[in-house]
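Q: Before I ask anything, here is the structure I am working with.
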Amino acid sequence: MNNDKRQERLVSLVRKLLELSRSNSNAHEAGLALSRAQRLMEKYGISELDATLSSVRDVASQSAPSEAEKVPEWMTRLAWAVGHAFGCRPYFSWRNTSSGACRRTVTFYGFSERPAVAAYAFDVLTRQLKDATAVYLKTQSKKLKLSTRRNRAELFRAGWVDGMRRVITV
Numbered sequence: 001m002n003n004d005k006r007q008e009r010l011v012s013l014v015r016k017l018l019e020l021s022r023s024n025s026n027a028h029e030a031g032l033a034l035s036r037a038q039r040l041m042e043k044y045g046i047s048e049l050d051a052t053l054s055s056v057r058d059v060a061s062q063s064a065p066s067e068a069e070k071v072p073e074w075m076t077r078l079a080w081a082v083g084h085a086f087g088c089r090p091y092f093s094w095r096n097t098s099s100g101a102c103r104r105t106v107t108f109y110g111f112s113e114r115p116a117v118a119a120y121a122f123d124v125l126t127r128q129l130k131d132a133t134a135v136y137l138k139t140q141s142k143k144l145k146l147s148t149r150r151n152r153a154e155l156f157r158a159g160w161v162d163g164m165r166r167v168i169t170v
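Just so you know, full-length UniProt numbering puts the end of the sequence shown at 170, numbered straight through with nothing missing.
See below:
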């Protein structure tokens, strides 16, 4: 086992021991866990901050609904609303696909499994928004200019995201 993996395993063990010492209702077990964690921290030079930060994860969504260079306001609001609902933060990035094309992704970061759940929720909400936008655009006249249709689609998406934000914050 190389040194990095060993250190990672030790930090994970210290984190679990510290969590056990905080959450255990039995004072004796909590004390044992805390003393063991402190011994490991002292022996291997691990700080409590190292143990806490080791549980930070980041998970990217499958893709983002817009490949525009400038991120649309409704997409930013959707990402932040999902991140807020699941206790993590989003950021936008690009990734290369197997075909060599660049795709925008929304990456969520936070503690434990929250980012994975947020990324999944973002993907689901993105699909629902795409379907709802397609249904809405079918109700619009085919004679509209392309720029008018795009503008109306943007306004619909912004309204849909605002409505979704009201629902998930309740």
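Glycine is no exception: its CB is placed at the ideal position from the N, C-alpha and C atoms.
1) When you compare each of ARG127, LEU32 and THR52 to SER66 by their alpha carbons, which one comes out closest?
2) Please report the distance separating the alpha-carbon of ALA153 from that of LEU125.
3) Quick one, are the C-beta atoms of GLU48 and LEU20 less than 8 Å apart?
4) Check PRO65 in the structure and name its three-state DSSP category.
5) What do you get for ARG111, buried or exposed, if any count of 16 or more other CB atoms within 10 angstroms of its CB means buried?
6) List, from N- to C-terminal side, the alpha helix (DSSP H) runs of 4 residues or more that fit wholly inside the region 2-69.
7) What runs of the alpha helix (DSSP H), each 4 residues or longer, lie entirely inside the UniProt domain "DUF7168" (60-167)?
8) In angstroms, rounded to a whole number, what distance separates the CA positions of ARG103 and ALA51?
9) Which same chain residues end up closer than 6 Å to ASN3 when comparing Cβ atoms and leaving out the 5 residues on each side of it in sequence?
10) Here's a check: name, in chain order, each residue in its chain whose Cβ is nearer than 8 Å to the Cβ of MET41, leaving out the five neighbours to either side.
11) Does the region 104-123 come close enough to the region 52-66 to have 3 or more Cβ pairs within less than 8 Å?
12) Excluding the 5 residues preceding and the 5 following LYS130 in the sequence, name in chain order all residues of the same chain whose CB lies nearer than 8 Å to its CB.
13) Between ALA134 and GLY159, what straight-line distance do the alpha-carbon atoms span, to the nearest angstrom?
A: So, from the data block:
1) ARG127
2) 16 Å
3) no
4) PRO65: coil per DSSP, three-state reduction.
5) The amino acid at residue 111 is misidentified as Arg; the sequence shows Phe. It counts as exposed.
6) 3-23, 27-44 and 48-53
7) 73-85 and 114-138
8) 33 Å
9) Excluding sequence neighbours, ASN3 sits near nothing in its chain.
10) VAL14, SER47, GLU48 and ALA51
11) yes
12) PRO65
13) The alpha-carbon atoms of ALA134 and GLY159 are separated by roughly 15 Å.
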